[in-house]
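S.K.:
In mature numbering (1 follows the signal peptide of the UniProt record, and there is no 0), the protein residues as written are -43 to -1, 1 to 546.
1) In chain order, what residues of the same chain lie with their CB nearer than 7 Å to the CB of residue 72, ignoring the 5 residues before and after it?
2) Kindly indicate the opening and closing residues of the alpha helix (DSSP H) around residue 272.
3) Compute the beta-carbon to beta-carbon distance between residue 291 and residue 336, rounded to the nearest angstrom, for a pair I have assumed lies under 8 Å.
4) Looking only at DSSP bridge pairs, what is residue 53 linked to?
5) Below 8 Å on the Cβ atoms is my contact criterion, and I expect residue 112 with residue 54 to pass it. Report the Cβ-Cβ distance as a whole number of Å.
6) Anyone know if the C-beta pair for residue 288 and residue 426 falls short of 8 Å?
7) Is it buried or exposed, residue 132, if we count other Cβ atoms within 10 angstroms and call 16 or more buried?
8) Under 8 Å: do the stretch 298 to 317 and the stretch 97 to 116 share three or more Cβ pairs, one atom per stretch?
9) Here's the rule I'm using: 16 or more other beta-carbon atoms within 10 Å means buried, otherwise exposed. How should residue 512 be labelled?
10) So residue 396 is in the alpha helix (DSSP H); what residue range does that whole segment cover?
11) Measuring alpha carbon to alpha carbon, tell me which of 509, 467, 108 and 82 ends up nearest residue 43.
12) Should residue 260 go down as buried or exposed, given a rule of 16 or more other Cβ atoms within 10 Å for buried?
13) Would residue 442 be called buried (16 or more neighbouring beta carbons within 10 Å of its own) or exposed?
14) I'd like to know if the stretch 442 to 461 and the stretch 373 to 390 are in contact, where contact means that at least 3 CB-CB pairs between them fall below 8 Å.
15) Please classify residue 212: does DSSP put it in a helix, a strand, or coil?
16) Nearest to residue 164 by CA position, among 187, 179 and 174, is which residue?
17) Given a cut-off of 8 Å, decide if residue 134 and residue 28 are closer than it, judged by their beta-carbon atoms.
18) In this structure, does DSSP put residue -13 in helix, strand or coil?
19) Nearest-angstrom Cα distance between residue 405 and residue 310?
20) If you draw a straight line from the C-alpha of residue 45 to the C-alpha of residue 35, how long is it?
21) Mark residue 170 as exposed unless 16 or more other C-beta atoms lie within 10 angstroms of its C-beta, in which case mark it buried.
22) Mark residue 109 as exposed unless 16 or more other C-beta atoms lie within 10 angstroms of its C-beta, in which case mark it buried.
23) Would you say residue 392 lies against chain D (beta-carbon separation less than 8 Å)?
24) Starting from the C-beta of residue 516, find all residues in its chain whose C-beta is less than 6 Å away, skip the five residues before and the five after it, and write them out in chain order.
25) In or out: residue 463 buried (at least 16 other Cβ within 10 Å) or exposed?
26) For residue 414, which residues from the same chain have a beta carbon less than 6 Å from its beta carbon, with the 5 sequence-adjacent residues on both sides left out?
27) Is it true that the CB of residue 117 sits closer than 8 Å to the CB of residue 168?
28) List, from N- to C-terminal side, the alpha helix (DSSP H) runs of 4 residues or more that fit wholly inside the stretch 373 to 460.
29) What are the boundary residues of the alpha helix (DSSP H) that includes residue 305?
30) Identify, in the order they occur along the chain, each residue of the same chain with its Cβ nearer than 7 Å to the Cβ of residue 152, setting aside the five sequence neighbours on each side.
31) Please state the DSSP three-state secondary structure of residue 168.
32) Closest to residue 183 by C-alpha separation, out of 234, 142, 352 and 313, would be which residue?
33) Under three-state DSSP, which class holds residue 217?
34) So, using beta-carbon positions, are residue 158 and residue 236 closer together than 8 Å?
35) Mind reading off the beta-carbon distance from residue 31 to residue 67? Whole number of angstroms is fine, and I expect it under 8 Å.
36) Below 8 Å on the Cβ atoms is my contact criterion, and I expect residue 382 with residue 449 to pass it. Report the Cβ-Cβ distance as a whole number of Å.
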């Protein structure tokens, strides 16, 4: 039956699951009220004063981590990164789970997508998101921290690496509030039997690979009238004398000298910690802790921009280029080898195919020519920034210096935005390569139907901030990109892969509820793209190709909401002068 159904389909038709039409983005009256109340703080995944996470920024991160009496685990993230959005509940849960450890080690987060934090993220050498960095207590000299090296980012794994990190502190630099985490000799416990110490002594017996004892020790940091230690199961004679028959077990010495095993329903960290915290006279003590910042007040209202979903907006493409060139790539202090070649190839493709406004194309062309003629195998990225920022104030070139999303607006600031603009840029490049193959003449990419896709593939793999997203894209490319033999096939390949990504991400936390991730184009945008064959909704790929070429074609670009060009309206020949200016900014390497 499957074969018969396939044979009955018209050429170019592809079966798929029925699409769900999204609401029209430009006609959401309730959305205006939602956005009017949302301020700049709404973009953050973590809220000071609400979450157990310590929310840091450019003005507080160095002060918090330098010469601190506690160690720190800081997540450097980007609020637009889909993986970061999806991971936020785990990070919040981790911070809440180890809240009682804060005098010894604190869980923090810093949003590199915020304008004010971008420079400090470069200082800390953050290339991908999320990046976890550990900072030891009492570190006086500036350090970018130690990278998290766990096998995965599950909550338990991160919690256990926090313990390993605390144990790696030298004795003189260990956080003062952190109790000893190394096991005590089991026979030392025998010497304590019958003594009256004025407080409880709890000893967790466990195997060498267990973390339960150390977790319970840290859980009890804020509590007084109890000392918690751990011991391993190496001395069987002692274990038999104390009646320890299973692991982990907790042996408790009372202030009055009595002692014995405690009985909990399950031998788990939470059961042991809860039991010990509930003992008579065991209570929370007052710890001297720096205050967390208060909850942010959102005072600046977002502006919603009405837009037509059938149009392609210059503002989205230019905003994406601004973020790509001034923020994402600028996270790299210098570029050399394969990284530099990836940048050169990507800029070449963009400069030759970008269909936007002349001053923006002029800037891209100047950057491409400069990179192509540069006789160095390593360049500081500041030299690229000098060129992009038009440091010499030469008229005729332009690129907006801020983001202004239109078709890529989200119902919350952290949704859509930059990733949306990249997809639009990539689609536009494949369509332009198909419509104007002569544009790549003389670049080394002529007659290569995969040129755009390979340049995009290497850029995403090398530079895209969401590393997990880049890995997914690379897996898709490795699986099927070699099958692309024509420029039109390249257009359709990217469309198919984009729909596959939308299907995978549908329902996840990174999905904008006002703009659900559905198969695109929807029937209302392109009725001819959809057909029904034997009751099954299918794609008519010939019509899809025609739609993509129209939608991402130059004639569909609109400049509404685009940044004012200012004096860049005069498109004088300035490429050579600007290239020379950028060349002069290069230091001796």
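By construction, the Cβ of each residue, glycine as well, lies at the ideal position given by its N, Cα and C atoms.
Here the structure is a predicted model, which is why all the values come from computation and not from measurement.
M.R.: Answer, in terms of the structure:
1) Start at 1 with the first residue of the chain shown, and residue 72 comes out as number 115. Cβ within range, chain order: n/a, list empty.
2) Residue 272 sits at position 315 when you count from the first residue of the chain shown. From DSSP, the alpha helix (DSSP H) with residue 272 extends over 271 to 280.
3) Position 334 of the chain shown holds residue 291. Position 379 of the chain shown holds residue 336. Yes, they are in contact, since the Cβ atoms of residue 291 and residue 336 sit about 6 Å apart, within 8 Å.
4) In the chain shown, residue 53 corresponds to position 96, counting from 1. None; residue 53 has no bridge partner.
5) Your numbering for residue 112 matches position 155 in the chain shown. Your numbering for residue 54 matches position 97 in the chain shown. About 7 Å separates the two Cβ atoms, so the contact holds.
6) The sequence position of residue 288 within the chain shown is 331, counting from 1. The sequence position of residue 426 within the chain shown is 469, counting from 1. No, the Cβ-Cβ distance between residue 288 and residue 426 is not below 8 Å.
7) Locating residue 132 in the chain shown gives position 175, where the first residue counts as 1. Residue 132 should be labelled buried.
8) no
9) Position 555 of the chain shown, counting from 1, holds the residue named residue 512. Burial check for residue 512: the Cβ neighbour count within 10 Å stays below 16, so the residue is exposed.
10) Here residue 396 corresponds to residue number 439 of the chain shown, with the count starting at 1. Looking at the DSSP string, residue 396 is not in any alpha helix (DSSP H), and its letter there is neither H nor E.
11) Walking along the chain shown from the start, residue 43 turns up at place 86. Checking every option, the nearest Cα to that of residue 43 belongs to 467.
12) For the purposes of this step, residue 260 is taken as residue 303 along the chain shown, with counting starting at 1. Label assigned to residue 260: exposed.
13) Position 485 of the chain shown, counted from the first residue, corresponds to residue 442. Exposed, since its Cβ has fewer than 16 Cβ neighbours within 10 Å.
14) Judged by Cβ distances under 8 Å, the stretch 442 to 461 makes contact with the stretch 373 to 390, as three or more pairs qualify.
15) Here residue 212 refers to the residue found at position 255 of the chain shown. Correct three-state label for residue 212: coil.
16) Start at 1 with the first residue of the chain shown, and residue 164 comes out as number 207. Taking only the C-alpha atoms, the option nearest residue 164 is 187.
17) Here residue 28 refers to the residue found at position 71 of the chain shown. Here residue 134 refers to the residue found at position 177 of the chain shown. No. Outside cutoff.
18) Translated into positions along the chain shown, residue -13 becomes position 31. Note that residue -13 has pLDDT 35, beneath the 50 cutoff, so the model's placement of it is unreliable and the number below is only indicative. Residue -13 falls in the helix class under three-state DSSP.
19) Here the question's residue 405 lines up with position 448 in the chain shown. Here the question's residue 310 lines up with position 353 in the chain shown. Between residue 405 and residue 310, the C-alpha separation is close to 14 Å.
20) Taking the first residue of the chain shown as 1, we reach residue 45 at position 88. Taking the first residue of the chain shown as 1, we reach residue 35 at position 78. Those two C-alpha atoms are separated by around 11 Å.
21) Reading the chain shown from its first residue, position 213 is the one you call residue 170. The residue is buried, with at least 16 neighbouring Cβ atoms inside 10 Å.
22) The count along the chain shown starts at 1 and reaches residue 109 at position 152. Exposed is the call here.
23) Going by chain labels, chain D is absent from the structure shown, which holds only one protein chain.
24) As a working note, residue 516 is residue 559 in the chain shown. Excluding positions up to five away in sequence, the list reads 271.
25) As a first step, residue 463 must be located in the chain shown, where it is residue number 506. It is exposed - the Cβ of residue 463 has fewer than 16 other Cβ atoms within 10 Å.
26) Here the question's residue 414 lines up with position 457 in the chain shown. In chain order, 434 place their CB closer than 6 Å to the CB of residue 414, counting only its own chain and leaving out the 5 sequence neighbours on each side.
27) Sequence index remark: in the chain shown, residue 168 carries index 211 (1-based). Sequence index remark: in the chain shown, residue 117 carries index 160 (1-based). Yes, Cβ-Cβ distance for residue 168 and residue 117 is below 8 Å.
28) Under the rule that a run must span 4 or more residues, the alpha helix (DSSP H) segments found entirely inside the stretch 373 to 460 read 375 to 392, 408 to 420 and 424 to 437.
29) For the purposes of this step, residue 305 is taken as the residue at position 348 of the chain shown. Unbroken alpha helix (DSSP H) run through residue 305: 294 to 310.
30) On the chain shown, residue 152 is found 195 positions in, with the first residue counted as 1. Answer for residue 152: 214, listed in chain order.
31) In the chain shown, the residue the question calls residue 168 occupies position 211. Of the three classes helix, strand and coil, the one that applies to residue 168 here is coil, per DSSP.
32) By 1-based counting over the chain shown, the position of residue 183 is 226. Just measuring C-alpha positions, the residue of 234, 142, 352 and 313 sitting nearest residue 183 is 234.
33) What you label residue 217 is simply residue 260 of the chain shown in a count that begins at 1. Residue 217: strand per DSSP, three-state reduction.
34) Residue 158 sits at position 201 when you count from the first residue of the chain shown. Residue 236 sits at position 279 when you count from the first residue of the chain shown. Taking 8 Å as the Cβ cut-off, residue 158 and residue 236 do not qualify as a contacting pair.
35) Here the question's residue 31 lines up with position 74 in the chain shown. Here the question's residue 67 lines up with position 110 in the chain shown. Their Cβ separation, rounded to whole angstroms, is 6 Å, which keeps residue 31 and residue 67 in contact under 8 Å.
36) In the chain shown, the residue the question calls residue 382 occupies position 425. In the chain shown, the residue the question calls residue 449 occupies position 492. Going by Cβ atoms, the distance from residue 382 to residue 449 rounds to 18 Å, so no, they are not a contact pair.
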